[in-house]
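Inspection log for the structure reproduced underneath, given as structure tokens.
There are 2 protein chains.
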Amino acid sequence: MSSNAALAETAALIGDPARAAMLAALMDGRALTAGELASAAGITPQTASGHLGRLTEAGLLAMERQGRHRYHRLASPAVARLIEGLLELAAARPRRAVATGPRDAALRQARTCYDHLAGRLAVAIADAMTARGQIELTADGGAVTPAGEAFLVGLGVAAAPTRRGRLFCRPCLDWSERRPHVAGVLGAALCTRCFALGWVRRRAGGRALEITPAGWAGFRDAFGIAPEDLRGPA
Amino acid sequence: MSSNAALAETAALIGDPARAAMLAALMDGRALTAGELASAAGITPQTASGHLGRLTEAGLLAMERQGRHRYHRLASPAVARLIEGLLELAAARPRRAVATGPRDAALRQARTCYDHLAGRLAVAIADAMTARGQIELTADGGAVTPAGEAFLVGLGVAAAPTRRGRLFCRPCLDWSERRPHVAGVLGAALCTRCFALGWVRRRAGGRALEITPAGWAGFRDAFGIAPEDLRGPA
DNA sequence: CCGGGGCTTCGGCGGCCGCCGAAGCATCCC
DNA sequence: GGGATGCTTCGGCGGCCGCCGAAGCCCCGG
Numbered sequence: 003m004s005s006n007a008a009l010a011e012t013a014a015l016i017g018d019p020a021r022a023a024m025l026a027a028l029m030d031g032r033a034l035t036a037g038e039l040a041s042a043a044g045i046t047p048q049t050a051s052g053h054l055g056r057l058t059e060a061g062l063l064a065m066e067r068q069g070r071h072r073y074h075r076l077a078s079p080a081v082a083r084l085i086e087g088l089l090e091l092a093a094a095r096p097r098r099a100v101a102t103g104p105r106d107a108a109l110r111q112a113r114t115c116y117d118h119l120a121g122r123l124a125v126a127i128a129d130a131m132t133a134r135g136q137i138e139l140t141a142d143g144g145a146v147t148p149a150g151e152a153f154l155v156g157l158g159v160a161a162a163p164t165r166r167g168r169l170f171c172r173p174c175l176d177w178s179e180r181r182p183h184v185a186g187v188l189g190a191a192l193c194t195r196c197f198a199l200g201w202v203r204r205r206a207g208g209r210a211l212e213i214t215p216a217g218w219a220g221f222r223d224a225f226g227i228a229p230e231d232l233r234g235p236a
Numbered sequence: 003m004s005s006n007a008a009l010a011e012t013a014a015l016i017g018d019p020a021r022a023a024m025l026a027a028l029m030d031g032r033a034l035t036a037g038e039l040a041s042a043a044g045i046t047p048q049t050a051s052g053h054l055g056r057l058t059e060a061g062l063l064a065m066e067r068q069g070r071h072r073y074h075r076l077a078s079p080a081v082a083r084l085i086e087g088l089l090e091l092a093a094a095r096p097r098r099a100v101a102t103g104p105r106d107a108a109l110r111q112a113r114t115c116y117d118h119l120a121g122r123l124a125v126a127i128a129d130a131m132t133a134r135g136q137i138e139l140t141a142d143g144g145a146v147t148p149a150g151e152a153f154l155v156g157l158g159v160a161a162a163p164t165r166r167g168r169l170f171c172r173p174c175l176d177w178s179e180r181r182p183h184v185a186g187v188l189g190a191a192l193c194t195r196c197f198a199l200g201w202v203r204r205r206a207g208g209r210a211l212e213i214t215p216a217g218w219a220g221f222r223d224a225f226g227i228a229p230e231d232l233r234g235p236a
């Protein structure tokens with residue numbers, strides 16, 4: 003069975019510290035240049051170039067040229083899901099007293115995860131919507147209830163209307179909170195809407211998000227989320 | 003961010019050919035001894051021992067002693083999902099004219115994927131249930147319809163009754179067929195039932211399944227699946 | 001047209017790690 | 001108890017691969 007070899011090859015590709023750092027840097031869904039990725043991984047551009055070439059050839063990354071820059075991004079949501087899963091398992095086990103700095107704290111409060119929101123904010127949103135009967139989430143999947151659809155329409159979320167049947171959403175286990183939040187099409191639409199409403203914006207240099215004053219008001223009114231709900235536990 | 007290091011470490015663990023082969027061998031959900039895994043990976047027992055120790059310490063495998071044997075299995079469904087995703091991505095890209103032997107052909111027709119059915123059989127089941135309005139499957143998730151619940155009860159499938167709301171099921175992209183089939187709790191329950199009914203049984207030495215005469219009849223009566231439906235394309 | 005910056009290719013060095021032989025433990029069977 | 005079997009630990013060898021310096025290519029701006 004040579005599919006084993008392909009399995010090992012793909013995993014090994016992710017398994018290098020420099021490449022892993024670059025992939026993680028791309029987990030916010032944006033496209034970055036080779037130079038930015040090199041500095042994110044702490045290596046020289048020429049080394050990064052080699053890595054990026056291999057990742058692209060393997061179908062993990064996609065690249066598009068724009069002038070003299072070359073922008074690299076994750077090739078597909080499947081890649082993002084894969085890294086999510088890896089992070090989940092990686093976070094689960096060893097936990098050897100990682101010193102969590104302030105940057106990390108910002109990340110834990112709110113961030114993007116490829117195309118949807120993650121962190122305590124996302125978990126709080128999922129909790130609120132579940133408590134209100136707007137969505138149902140289990141380990142296997144999730145769906146929006148009729149009440150939820152009405153709520154989302156009111157919020158201006160442009161989730162694809164249910165063709166026939168229910169609008170499903172994918173649960174995504176938060177690596178920092180170890181609780182599920184909303185991913186999939188619905189998660190992406192929610193995230194887009196929050197940006198459009200100016201409720202969140204990217205913090206300088208990183209995946210972390212800043213919740214704007216309008217955002218605090220919006221999340222309170224729409225989901226009943228208070229600032230205390232997003233403070234770290236302990 | 004030291005979670006990057008953990009990410010790379012976990013991926014690198016899977017990224018070794020010998021370890022990948024052992025993990026793949028465990029993807030049928032059974033527990034194997036170190037010796038069996040060593041031969042599956044084509045290495046000596048002492049080398050396998052080292053690998054198994056590392057995989058277990060990282061939380062990818064679980065081990066239980068039974069007499070002088072030590073049985074190793076995947077530590078959790080999360081690990082199985084991860085490898086699934088890796089196989090999906092690995093199968094997607096390179097495709098360098100892999101000679102598919104007869105063993106591979108058996109694998110493509112029917113096999114187990116950790117705790118549920120996979121291969122053409124599983125895809126045909128998912129297709130039939132979808133066509134009959136018994137389940138709905140999208141990329142984001144899936145659910146059983148009321149009609150589907152009734153059907154499953156009639157079949158004797160012991161899927162946990164819906165607590166409140168719908169019984170979700172997880173879609174799983176088949177690495178050989180590139181089409182989704184049913185995973186999650188429902189997939190596991192269906193698989194268990196098929197074994198209990200004697201419709202399928204394990205082929206000697208491998209993940210491949212053999213469909214019994216009773217199975218052919220059962221799959222025809224229950225799902226309308228004909229032998230032609232499971233023949234390879236081309 | 002020419003200078004400069006971003007990116008790539010090439011070559012060689014260095015370290016990590018997977019591999020096996022040999023030896024040591026544990027468990028079961030007779 | 002003796003011997004066989006299954007598994008582990010130890011030590012040393014060998015190869016793969018990630019790293020950077022230097023040089024070349026491409027695209028932009030002036």
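Residue numbers (my numbering), protein chains in the order written: chain A, 3 to 236; chain B, 3 to 236.
Here a beta-carbon is modelled for each residue, glycine too, at the ideal position from N, C-alpha and C.
It should be emphasised that the depicted structure is a prediction, and the values quoted were computed from it without experimental measurement.
Query                                                                                                                                                                                          : Result
If we ignore side chains and look at the alpha-carbon of each, how far apart do B/A99 and A/E86 end up?                                                                                        : Since pLDDT at B/A99 reaches only 49, below the 50 mark, its modelled position is unreliable, and the value read off the structure follows with that caveat. So the alpha carbons of these two residues sit roughly 30 Å apart.
Do A/L57 and A/L15 have their beta-carbon atoms positioned less than 9 Å apart in this structure?                                                                                              : yes
Looking at the structure shown, is A/L139 part of a helix, part of a strand, or coil, going by DSSP?                                                                                           : strand
Considering only residues of the same chain and omitting the five flanking positions on each side of A/P229, which have a CB-CB separation below 7 Å?                                          : W218
Starting from the C-beta of A/R222, find all residues in its chain whose C-beta is less than 8 Å away, skip the five residues before and the five after it, and write them out in chain order. : A228
Taking just the CA atoms, how far does B/G121 sit from B/S178?                                                                                                                                 : 7 Å
Considering only DSSP beta bridges, list what A/I213 is partnered with.                                                                                                                        : A/V202
Between B/H71 and the rest of its own chain, which residues show a CB-CB distance below 7 Å, the 5 nearest in sequence each way excluded?                                                      : T35
For the candidate residues B/G200, B/F225 and B/D30, whose alpha-carbon lies nearest to that of B/P215?                                                                                        : B/G200
List the DSSP bridge partners of B/R72.                                                                                                                                                        : B/R67
Run through chain B and tell me which residues come within less than 8 Å of A/E212, C-beta to C-beta.                                                                                          : Correct list: empty, because the minimum Cβ distance to chain B is about 18 Å.
Name, in chain order, the residues that DSSP records as bridge partners for A/V146.                                                                                                            : A/I137
For B/M238, I'd like the list of residues in its chain whose CB is within less than 7 Å of its CB, leaving aside the five on either flank, ordered along the chain.                            : Nothing can be reported for residue 238 of chain B, as the shown portion of chain B is limited to 3 through 236.
By the three-class DSSP mapping on this structure, what secondary structure does B/C174 have?                                                                                                  : strand
Mapping the DSSP letters down to three states, classify A/L62 as helix, strand or coil.                                                                                                        : coil
Quick one: measure Cβ to Cβ for B/V202 and B/A128, integer angstroms, because I've assumed they're closer than 8 Å.                                                                            : Actually they are not in contact, since the Cβ atoms of B/V202 and B/A128 sit about 16 Å apart, beyond 8 Å.
Compute the beta-carbon to beta-carbon distance between B/A92 and A/T12, rounded to the nearest angstrom, for a pair I have assumed lies under 8 Å.                                            : 4 Å
On the criterion of 16 or more Cβ atoms from any shown chain inside 10 Å, does B/R21 qualify as buried, or is it exposed?                                                                      : buried
Quick check: is the beta carbon of A/W250 nearer than 9 Å to any beta carbon in chain B?                                                                                                       : Not covered by the structure: residue 250 of chain A. The range shown for chain A is 3 to 236.
Identify each residue in the stretch 19–40 of chain A for which the Cβ-Cβ distance to at least one residue of chain B is less than 9 Å, and report them in chain order.                        : P19, A20, R21, A22, A23, L25, A26 and A27
What would DSSP say about B/R32, mapped onto helix, strand or coil?                                                                                                                            : coil
Determine the direct distance from the alpha carbon of A/R67 to that of B/V155, and round the result to whole angstroms.                                                                       : 55 Å
Can you tell me which of the three DSSP states B/G55 falls into?                                                                                                                               : helix
So B/A145 and B/E151 are supposed to be a Cβ contact under 8 Å. How far apart are they, rounded?                                                                                               : The Cβ separation is near 10 Å, so there is no contact.
For the stretch 121–146 of chain A, which residues have a beta carbon sitting closer than 7 Å to at least one beta carbon of chain B?                                                          : E138, T140, D142, G143, G144 and A145
Closest Cβ-Cβ distance between B/F197 and chain A: below 9 Å?                                                                                                                                  : no
Sorted by chain position, which residues of the same chain lie with C-beta nearer than 6 Å to B/M65's C-beta, five sequence neighbours on each side aside?                                     : T58, R72 and H74
Could you tell me if B/P47 is buried or exposed, where buried requires 16 or more neighbouring beta carbons within 10 angstroms of its beta carbon?                                            : exposed
For A/L54 and A/A40, what's the separation of their Cα atoms in angstroms?                                                                                                                     : 10 Å
May I have the straight-line CA-CA distance separating A/G44 from A/G31, to the nearest angstrom?                                                                                              : 20 Å
On the three-state DSSP scale, how would you describe B/A99?                                                                                                                                   : With a pLDDT of only 49 at B/A99, under 50, the local geometry of the prediction cannot be trusted, and no value is derived from it.
Can you pull the chain B residues whose beta carbon is under 8 Å from the beta carbon of A/V184, in chain order?                                                                               : Ordered by position in chain B, no residue passes the 8 Å Cβ test against A/V184, which lies about 10 Å from the chain.
Closer than 9 Å, Cβ to Cβ, to anything on chain A: give me those residues from the stretch 166–182 of chain B, in chain order.                                                                 : R166, G167, R168, L169, F170, C171, R172, P173, L175, W177 and S178
Less than 8 Å between the CB atoms is what I'm expecting for B/L119 and B/L192, so what's the real figure, rounded?                                                                            : 7 Å
Under a three-way DSSP split, which group does A/T114 fall into?                                                                                                                               : strand
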